[in-house]
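Visitor: Quick note: the sequence shown uses the numbering used here, first residue 30, plus one each step. Quick reminder that beta carbons are idealized off the backbone N, C-alpha and C, glycines included. Please read these numbers as outputs of a predicted model, since none were measured by experiment. First the structure, which I've put down as structure tokens, then a few questions once you've had a look.
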Amino acid sequence: MAGDIELAAKAIIACYARGGKVLLCGNGGSAGDAQHLAGELVGRFLRDRRAVPAIALTTDTSVLTAIGNDYGYDAVFSRQAEAHVSDGDVFIGISTSGNSANVLRAVEVAAERGATTIGLTGNDGGELARVADIALTVPSTSTPRIQEGHIAIGHVLCDLAERVL
């Protein structure tokens, strides 16, 4: 997995070098992880540096509920990806099972719009490991352990990116 983490960090660094942004999504605890990592990128992780754009698609309740009501919950992230993802961005989908329909749809839309897609998954990676450009899979069936692995991986990605920013 170390090689894939390095690939993911390089994708994030390249994205920022060309003026792109990082977008993240997930459900439940994974939504919290998406918000946490966006905060580390926009704010800072360990070092003072320029702010970089990162958007957690889990934070705007009006947008989430409008899309959920009008298009269904499976579209809450893909509709936002359609609105916000540009060619050259990085899109991080987080799903402990790797099979969350709304995360999968968003990753597919992001890829169609030219983003590099990264999947944070668990167990065998699920469908997300197959559709993402880079899959970072925590080899566990325990949701709490997978989530702990995801935040640790996220922190490594932030640290590696921040060293260059």
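1. If you follow the beta strand (DSSP E) that Ala164 is in, where does it begin and where does it stop?
2. Shortest alpha-carbon distance to Thr88 belongs to which of Tyr100, Ser59 and Arg79?
3. Could you give the residue range of the alpha helix (DSSP H) that holds Gly32?
4. If contact is defined by three or more beta carbon pairs under 8 angstroms, each pair taking one atom from either stretch, is the stretch 49-59 in contact with the stretch 112-127?
5. Val51 bridges to which residues according to DSSP?
6. Compare the beta carbon distance of Leu165 and Ile182 with 8 angstroms and say whether it is the shorter of the two.
7. Do you know offhand how far Thr145's Cα is from Glu35's?
8. How many angstroms separate the CA atom of Ile196 from the CA atom of Tyr45?
9. CA-CA distance, Ala139 and Val160?
10. According to DSSP, simplified to helix, strand and coil, what is Leu93?
11. In this structure, does DSSP put Thr170 in helix, strand or coil?
12. Looking at the ligand ATP, does it come within less than 7 angstroms of Leu86, judged from the CB to the closest heavy atom?
13. For Ala83, which residues in the same chain have their Cβ closer than 6 angstroms to its Cβ, ignoring the five residues on either side in sequence?
14. Could you give the DSSP three-state label for Gly143: helix, strand or coil?
Guide: In short, the structure shows the following:
1. Following the DSSP letters along the chain, one finds Ala164 inside the beta strand (DSSP E) bounded by residues Ile163 to Val167.
2. For Thr88, the nearest C-alpha among the options comes from Ser59.
3. Start and end: Ala31 to Ala46.
4. Yes, since at least three Cβ pairs between the stretch 112-127 and the stretch 49-59 fall closer than 8 angstroms, the two stretches touch.
5. For Val51, the beta-bridge partners assigned by DSSP are Ala83 and Val119.
6. With contacts defined as CB atoms closer than 8 angstroms, Leu165 and Ile182 qualify as a contacting pair.
7. The straight-line gap from Cα to Cα measures roughly 14 angstroms.
8. Beyond the ends of the chain as shown, which are 30 and 194, falls residue 196; an answer cannot be given.
9. In a straight line, the C-alpha of Ala139 is about 11 angstroms away from that of Val160.
10. Under the three-state reduction of DSSP output, Leu93 falls in the helix class.
11. In this structure, Thr170 counts as coil in the three-state DSSP scheme.
12. This structure simply doesn't include the ligand ATP, nor any ligand for that matter.
13. Val51, Ala67, Leu70 and Val71.
14. Three-state result, Gly143: coil.
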